[in-house]
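Shown next, in structure tokens, is the structure this report addresses.
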Ligand SMILES: Nc1ncnc2c1ncn2[C@@H]1O[C@H](COP(=O)(O)OP(=O)(O)OP(=O)(O)O)[C@@H](O)[C@H]1O
Ligand SMILES: [Mg+2]
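Residue numbers (this note's numbering): 261 to 612.
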């Protein structure tokens, strides 16, 4: 059963820290794990990846080291993304990775266990929510509190969440995209899609394979997306040389990929995202829709950094869309605001 923290007999966010328990904010994303503390802000930002020795099960790398191994591990080693589509896909790996991160921050020891506020995607089911919570408990947490990611993103982006005026947030992460309309401190309507930056990378891999008969890895595709990617042909960011395996001859070759190529490769995924935004808007009560028309749509998450994306959404919805400042960190900044803040109790829940 889920309860608002304020109703619980447990320690309230405002009263934390008194008994020396470390308080952490956690955004366990499909691409990146971010851990925040009240005092230092974002203390840990590391890829959500882990690599294991297949035979012994020994963890050989986590974070950036494991991410580099994705898709090119030597025989006997397996590199995985423990979180996929915003939810825990490999509980064991996620727990072990998280425990390491907690230890790195000296939050977990024989005598210490932290209290954690974690973000969860909206519209996930009870089993997925429980899996996330259990992972955090197993990694060493004493108590786990939950905040819905779009709410945290809106708080982090500085939107007037508590007021009666409606606002809309679209959080585009690595594994999922969430659109939510917020008013009076809560989510009025929301939708989510298991499509994010990682799927953009996969779409680029497929595109290059088909058009140029070139096989490259997802990390190369991500570099292309970041360097020259654009959501709209109007935003031309030049070309980039990519080396990969020639599917025609089997040897390596280098080709010049243009910004227009990436735009074409991403077309299908972006269409899915814009369709979801439109559907959410269509289902929004008219009063709130007119507020959103005035205030605009705010994009957060790493995927929001794609060049031309706000302009594309503005054009397709007719509503001014902007990218939040420090968009990838918004969820984490929202959680940071909640840490030790009595006013945050209305946004946070815990399982009784
Ligand atoms: N400049 C950029 N242009 C386009 N995409 C970018 C840029 N910088 C980062 N990204 C993408 O943002 C994604 C990561 O975003 P973020 O850290 O918000 O995801 P996450 O929180 O881990 O995932 P999720 O919330 O979906 O579980 C990656 O796919 C990355 O490639
Ligand atoms: Mg995220």
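Where is the CB? At the ideal position from N, CA and C, for every residue including glycine.
Short note on residue 409: C-beta closer than 7 Å to some heavy atom of ligand 2. Below 8 Å, too few C-beta pairs join the stretch 597-607 and the stretch 524-536 to call them touching: fewer than three. In this model, residue 425 and residue 397 are separated by some 37 Å (Cα to Cα).
Within the model, the alpha-carbon separation for residue 571 versus residue 496 is close to 14 Å. Residue 308: not part of any alpha helix (DSSP H); DSSP gives it neither H nor E. Between residue 590 and residue 440, the CB-CB gap reaches or exceeds 8 Å. In this structure the stretch 458-469 does not lie against the stretch 569-589, because fewer than three pairs of beta carbons, one per stretch, are closer than 8 Å.
Residue 451 has its CB no nearer than 7 Å to any heavy atom of ligand 2. As a beta-bridge residue in DSSP terms, residue 292 pairs with 307. When DSSP states are grouped into helix, strand and coil, residue 490 belongs to the strand group. Closer than 7 Å to some heavy atom of ligand 1: that describes the Cβ of residue 287. Uninterrupted alpha helix (DSSP H) stretches at least 4 residues long and entirely within the stretch 436-491 occur at 457-472 and 478-488, given in chain order. The beta-bridge partner set that DSSP reports for residue 514 consists of 503.
By the Cβ test, the stretch 375-384 is in contact with the stretch 284-293, since at least three Cβ pairs between them sit closer than 8 Å. Secondary structure note for residue 495: it is in no beta strand (DSSP E), with a DSSP letter that is neither H nor E. The beta carbon of residue 526 sits no closer than 7 Å to any heavy atom of ligand 1. Membership of residue 379 in the beta strand (DSSP E) is indicated by the continuous run 375-380.
The criterion of a C-beta distance shorter than 8 Å is not satisfied by residue 338 and residue 315. The alpha-carbon separation between residue 483 and residue 541 amounts to approximately 32 Å. Unbroken beta strand (DSSP E) stretches of 3 residues or longer found wholly inside the stretch 549-601: 557-560 and 581-583, given in chain order. Residue 321 carries a strand assignment under DSSP once its states are collapsed to helix, strand and coil. Across the set 362, 423, 434 and 369, the C-alpha of 423 shows the shortest separation from the C-alpha of residue 445.
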